[in-house]
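Trainee: The sequence shown begins at 0 in numbering that gives the first Met the number 0 and counts up by one. For each residue, glycine too, the CB sits at the ideal point set by N, CA and C. Quick one: this structure, given as structure tokens, is what I'll be asking you about.
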Amino acid sequence: MSLGNCLPASAGGDIDDLLGEAQHWLHRDAQRCTDLLDLAESGLQGQRDVARTASLHQLRGDLAVAGGELGVAATAYRAARRSWLAAGEPVEAARAAAGGFEVQLLVGEYDAAEAGLLRLQTELHQVTRRDSRVSHIGALVQRQLADARAGRGESADALRQYDAAENLFAALADADSIARVQHRRGLAALDAGLTHNALLELNRSRRAYAASGHHDRAASVAIRVAEAYSATGQVARALEVLDCVVPDGSTAQWHVAFHALVRSGALLRAGFAAEAHAEACAAEEAFVRIGAVEYSARAAFASAQASLGWGRWRAAAAELEVAERLFGECGSRHMGLRTWLLRAEVAWALGDPGACRAACERVLAAEEADTPPSVGVQARLAAARAADLDTAVALLDEADRRAAQVGIPELEVDVLVARARHERRTGRVPQAVALLRRALDVGRGWEQRLGQRGSVVCPSLTAAGEELILLLLEQGDHAGRVEALRRARAAKRIRVALPGRRTVGAAGAPGAAEHQRRRLEAVLSDTLVPVEPPRPEEHAGEVLPHVPSGLLVEFHVTGDDIVVFVVRDGHVDARVLTSATEGTRRLVNAWQQECTLMAPGYRGPTGFATSAALDGLFDLLLAPVVDLLDDLDDRIHVVGHRHLHAVPFDALLDEVGPWYAHLARPAAPPEPVGTASVASSLSALVVAVPDENAPSIADEAEMILRALPAADALVGAGATKEALADRTAAADVVHFACHGVFRPDDPLSSGLRLADGWLQARDVVAGAVPLEGAVVVLSACSSGRSPDYTAEEVGLVPACLAAGAKGVVAALWAVDDEVTLELMTHFYRALAQGTAPSVALRVARRAVARRFPHPYYWGGFRYVGRD
0 MSLGNCLPAS AGGDIDDLLG EAQHWLHRDA QRCTDLLDLA ESGLQGQRDV
50 ARTASLHQLR GDLAVAGGEL GVAATAYRAA RRSWLAAGEP VEAARAAAGG
100 FEVQLLVGEY DAAEAGLLRL QTELHQVTRR DSRVSHIGAL VQRQLADARA
150 GRGESADALR QYDAAENLFA ALADADSIAR VQHRRGLAAL DAGLTHNALL
200 ELNRSRRAYA ASGHHDRAAS VAIRVAEAYS ATGQVARALE VLDCVVPDGS
250 TAQWHVAFHA LVRSGALLRA GFAAEAHAEA CAAEEAFVRI GAVEYSARAA
300 FASAQASLGW GRWRAAAAEL EVAERLFGEC GSRHMGLRTW LLRAEVAWAL
350 GDPGACRAAC ERVLAAEEAD TPPSVGVQAR LAAARAADLD TAVALLDEAD
400 RRAAQVGIPE LEVDVLVARA RHERRTGRVP QAVALLRRAL DVGRGWEQRL
450 GQRGSVVCPS LTAAGEELIL LLLEQGDHAG RVEALRRARA AKRIRVALPG
500 RRTVGAAGAP GAAEHQRRRL EAVLSDTLVP VEPPRPEEHA GEVLPHVPSG
550 LLVEFHVTGD DIVVFVVRDG HVDARVLTSA TEGTRRLVNA WQQECTLMAP
600 GYRGPTGFAT SAALDGLFDL LLAPVVDLLD DLDDRIHVVG HRHLHAVPFD
650 ALLDEVGPWY AHLARPAAPP EPVGTASVAS SLSALVVAVP DENAPSIADE
700 AEMILRALPA ADALVGAGAT KEALADRTAA ADVVHFACHG VFRPDDPLSS
750 GLRLADGWLQ ARDVVAGAVP LEGAVVVLSA CSSGRSPDYT AEEVGLVPAC
800 LAAGAKGVVA ALWAVDDEVT LELMTHFYRA LAQGTAPSVA LRVARRAVAR
850 RFPHPYYWGG FRYVGRD
């Protein structure tokens, strides 16, 4: 039945029904609640019904709070209070006043809200007629007072007051209000560093809301459950929870803002600083729109944390100034302390130990009994770094004692890393190595304690691993270099894959919400199950990757430095390229910009055969180790790391490049091109989707069909995902000639455009295309790229390898269509003669370089895999 037919002419009873139904839908369906209130308001027009008008304003205030419209809410609550007083209802007027104080708490005006709540509490004590309404408002005021104290950082008092409020609501059998107390108490526990308690409280609240049909509230609490997971190191699970509650077009602004803020923290812990910063900025904008000052300060603080992790220290300092002013205005003592502590980190990064020491002293001077343990420990560790040796020892000992008292694994790791740095500072490298190994042991025990709940991702553990690699190399022996390489390779294992970022406001498929709720329940099914420490016999030793056989050059970015490992037949050499990270990052960006300018169709001057950006990359990355590369042949395999994934190492080491002469290597012998034709026996599947922007794709498909008579083709409209899935299993070679896209913010969404849509990397990983044992050729722009913030490559190439491909040919940048056709012609001509794929690609590169000497043309494709 239409809501428009629900209201007979100005009947008070019908208006009461509308208001009652609106109350029911308040936290279940905001739009339906709004429609019902609009109908009730139209029915009240022309009537002096102050009591029902007051109820209408009260509900509009509650709805505005839920939707993040705090200015609207404050106005509605003031109107409700005035109307209740006019109706002679002081108890209901007190409820409206409590609504106004709720707005003040959400804005961050904790002192003003507390003063008003204490006055209201006194007024309630003077009410002569006692009934359940007075008791309920009294319990509500108790909860709000706890909120004010939690906001100021008085955690112990707040937690006690939450307990009292829950007892009062329990006496009234008000399950929804109990769930809200559990929610707020969980947040207070999270701020105090009591993450396990926070997880329990928040998940109890979430379950209670879900059981009563308040799914929007349950989703909002689930976001904070994800925050607690992230704080315990379970970042993969945190991101999975957030993926289950992605905001849509109907979601309240609170949900959007908190989702972005919590996701920012999880991404930062996982090492995705740039993405974390973008999320924090989005959260800050949302909180500013809402008018939530204290939460906007938290978002500015999160931006500063991400900027620090991103290496943008001056930006971090500017963002901290904003956060500090806002926290000071709100009276958020604990967040103020955290801001000063982060100031100390920024000052140290900027090379100002005096400012670092001053900020730490400010934190320690303001420390009180209920200051979170992590703040006190971290302040002493930061101060020790900037102190003289004797003072540093005393600070480290005190930090160690405090960390041992609370038993938080991350703090234990922090203390061990700080002690290792102190030992290194005093020249005691073996002792520092032992301490860093102990730190990694703590992390392993932490992970084993969680069992099947997921791996631990913690910046302190990452720092311990990076510093251990450098210290092992400082020892100068072969055993240290071998262990350093094995640890570097272990660090490149993806602990957390960057999840897809769905667009806020996108419409979901029918039934999607229920599917996501079931998925969320599955993810959180063991949250209330206590975590048991592992039995002694369950402690597993550390397992590191083996040193690979053959010829290998592997790069590892660690802070400002880059380590180069050179491996030949099990022997490991290593060099540390000091302060090379930022310079190589700038040169990679310059080379990518140069490739963008080399638009399809551009040929450049005839003799133009080099690039200043590539010259610089050779000088920084390979020139320092030329003595280690002299006797290595062309079978050498190069592994990048982070932004170095984008470096065309194959081109820098190829004899046709201008850099080969600097290697002092003998002229490369002719490539061992096969002589016996295998064209008739080589099965291939060609997937070609030409269009007006890439007409050479059709010619490329015809060329392959001529070179390999046994090849089959899916061209144009026939190149669909379904047809592809049915045909790839029997192919030795699977060739994609189509448009490609690389998405750096969501690399698993990178894809190849087929006739019926995009084949994404995540589809390939999931097994949508059988590739077992095949050589996959991705003749598509940027198909070989990987984001610069991940340790291991993520994108189409690793997706194909994960799906079983023997090897992959892919492009590192947007390639020229006509030149690609020529390169592929030479590649398939060599392949048809039985040449190994990696050698065939080198033959093709060298043939193209003779006509087009600039490396943009011949250096774009690389081969990854085995021959």
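Using the C-alpha atoms, what's the distance from V677 back to A831?
Mentor: Their backbone Cα atoms lie some 5 angstroms apart in a straight line.
Trainee: Measuring alpha carbon to alpha carbon, tell me which of H26, D28, D34 and A29 ends up nearest L17.
Mentor: It is D34.
Trainee: Determine the direct distance from the alpha carbon of R297 to that of R356, and round the result to whole angstroms.
Mentor: Rounded to the nearest angstrom, the two C-alpha atoms are 24 angstroms apart.
Trainee: Report all residues from its chain with a CB closer than 7 angstroms to the CB of H640; omit the five preceding and five following residues, and keep chain order.
Mentor: The answer, listed in chain order, is K491, F554, H555, V556 and A790.
Trainee: At 3 residues or longer, and completely inside the region 694-731: list those beta strand (DSSP E) runs for me, N to C.
Mentor: As far as the region 694-731 is concerned, its whole beta strand (DSSP E) runs of at least 3 residues are 711-714.
Trainee: Rounded to a whole number of angstroms, what is the C-alpha to C-alpha distance between Y856 and A760?
Mentor: Each residue's Cα considered, the two are about 25 angstroms apart.
Trainee: Quick check: the region 229-242 against the region 272-285, are there 3 or more CB pairs under 8 angstroms?
Mentor: Result no; under three Cβ-Cβ pairs closer than 8 angstroms.
Trainee: What did DSSP end up calling D242 once you bin it into helix, strand or coil?
Mentor: Reduced to three states, the DSSP call for D242 is helix.
Trainee: Enumerate, from N- to C-terminal direction, the unbroken beta strand (DSSP E) stretches of 3 or more residues contained entirely within the region 738-764.
Mentor: You should have 750-753 and 756-759.
Trainee: Using the rule of at least 16 other Cβ atoms within 10 Å of the residue's Cβ for burial, across every protein chain shown, is A506 buried or exposed?
Mentor: Because the pLDDT at A506 is just 42, under 50, the model does not fix this residue reliably, and the value given afterwards should be weighed accordingly. It counts as exposed.
Trainee: Comparing alpha-carbon positions, which option in D725, A237 and R337 lies nearest L519?
Mentor: Ranking the options by Cα distance to L519, first place goes to A237.
Trainee: Which residues mark the beginning and the end of the alpha helix (DSSP H) in which R574 is found?
Mentor: Careful: R574 lies outside any alpha helix (DSSP H), inside the beta strand (DSSP E) at H570 to L576.
Trainee: In this structure, how does DSSP classify A683 when only helix, strand and coil are distinguished?
Mentor: Here A683 sits in strand by DSSP.
Trainee: Can you grab the Cα-Cα spacing for the pair S679 / E473, in whole Å?
Mentor: Cα-Cα distance, rounded: 56 angstroms.
Trainee: Can you check DSSP and say which residues form a bridge with D560?
Mentor: According to DSSP, which records beta bridges pairwise, D560 is partnered with T557.
Trainee: Label E367 either buried or exposed according to how many other C-beta atoms from any shown protein chain fall within 10 Å of its C-beta, with 16 as the threshold for buried.
Mentor: So E367 counts as exposed.
Trainee: What residues in its chain sit with their C-beta under 6 angstroms from that of E771, if we drop five residues either side in the sequence?
Mentor: Within the same chain, E771 has close Cβ partners G803.
Trainee: With 16 as the cutoff for other CB atoms within 10 Å, does T502 come out buried or exposed?
Mentor: Interpretation of T502 is limited by its pLDDT of 46, a score under 50 that renders its predicted location unreliable; no figure is taken from the coordinates.
Trainee: Would DSSP call F735 helix, strand or coil?
Mentor: F735 falls in the strand class under three-state DSSP.
Trainee: Can you give the beta carbon distance from H254 to A230, rounded, assuming they're within the 8 angstroms contact cut?
Mentor: Actually they are not in contact, since the Cβ atoms of H254 and A230 sit about 20 angstroms apart, beyond 8 angstroms.
Trainee: Report the CB separation of L747 from V807 in whole angstroms; it is logged as a contact under 8 angstroms.
Mentor: With a Cβ gap of about 16 angstroms, L747 and V807 do not count as contacting.
Trainee: Between A382 and L394, which are expected to be in contact by the criterion C-beta below 8 angstroms, what is the C-beta distance as a whole number of angstroms?
Mentor: Confirmed, Cβ separation roughly 5 angstroms.
Trainee: Apply the 10 Å Cβ neighbour rule to H333 and answer buried if 16 or more other Cβ atoms are within range, or exposed otherwise.
Mentor: The residue in question, H333, is buried, as its Cβ has 16 or more Cβ neighbours within 10 Å.
Trainee: Tell me whether F326 sits in a helix, a strand or coil according to DSSP, three-state version.
Mentor: The answer is helix: DSSP assigns F326 an H, G or I state.
Trainee: Using the three-state DSSP reduction, which class does F100 fall into: helix, strand or coil?
Mentor: F100 falls in the helix class under three-state DSSP.
Trainee: Since A29 contacts A251 with CB under 8 angstroms, what's their CB separation in whole angstroms?
Mentor: Their Cβ separation, rounded to whole angstroms, is 7 angstroms, which keeps A29 and A251 in contact under 8 angstroms.
Trainee: Can you check whether the CB of R784 is closer than 9 angstroms to the CB of W757?
Mentor: Contact: no.
Trainee: Quick one: Cα of R849 to Cα of W312, how far?
Mentor: Rounded to the nearest angstrom, the two C-alpha atoms are 46 angstroms apart.
Trainee: Within 8 angstroms, do at least three Cβ pairs link the region 83-100 to the region 115-126?
Mentor: The answer is yes - the region 83-100 touches the region 115-126, with three or more Cβ pairs under 8 angstroms.
Trainee: Let me know the secondary structure DSSP gives S454 once reduced to three states.
Mentor: Three-state result, S454: coil.
Trainee: Restricting to Cα atoms, I'd like to know which of F741, A650 and V562 is closest to L840.
Mentor: Here the closest residue by C-alpha is A650.
Trainee: Taking the beta strand (DSSP E) that A809 belongs to, which residues open and close that run?
Mentor: That run of the beta strand (DSSP E) goes G806 to A810.
Trainee: F300 by DSSP, collapsed to three states: which one?
Mentor: It is helical.
Trainee: One question on the structure: do G925 and S331 come within less than 9 angstroms of each other, judged by their Cβ atoms?
Mentor: Absent from the model: residue 925. The displayed extent of the chain is 0 to 866, so no value can be given.
Trainee: Output the boundary residues of the alpha helix (DSSP H) element that contains S54.
Mentor: That run of the alpha helix (DSSP H) goes V49 to G66.
Trainee: Do you know whose CA, among D146, E817 and A86, lies nearest A112's CA?
Mentor: Here the closest residue by C-alpha is D146.
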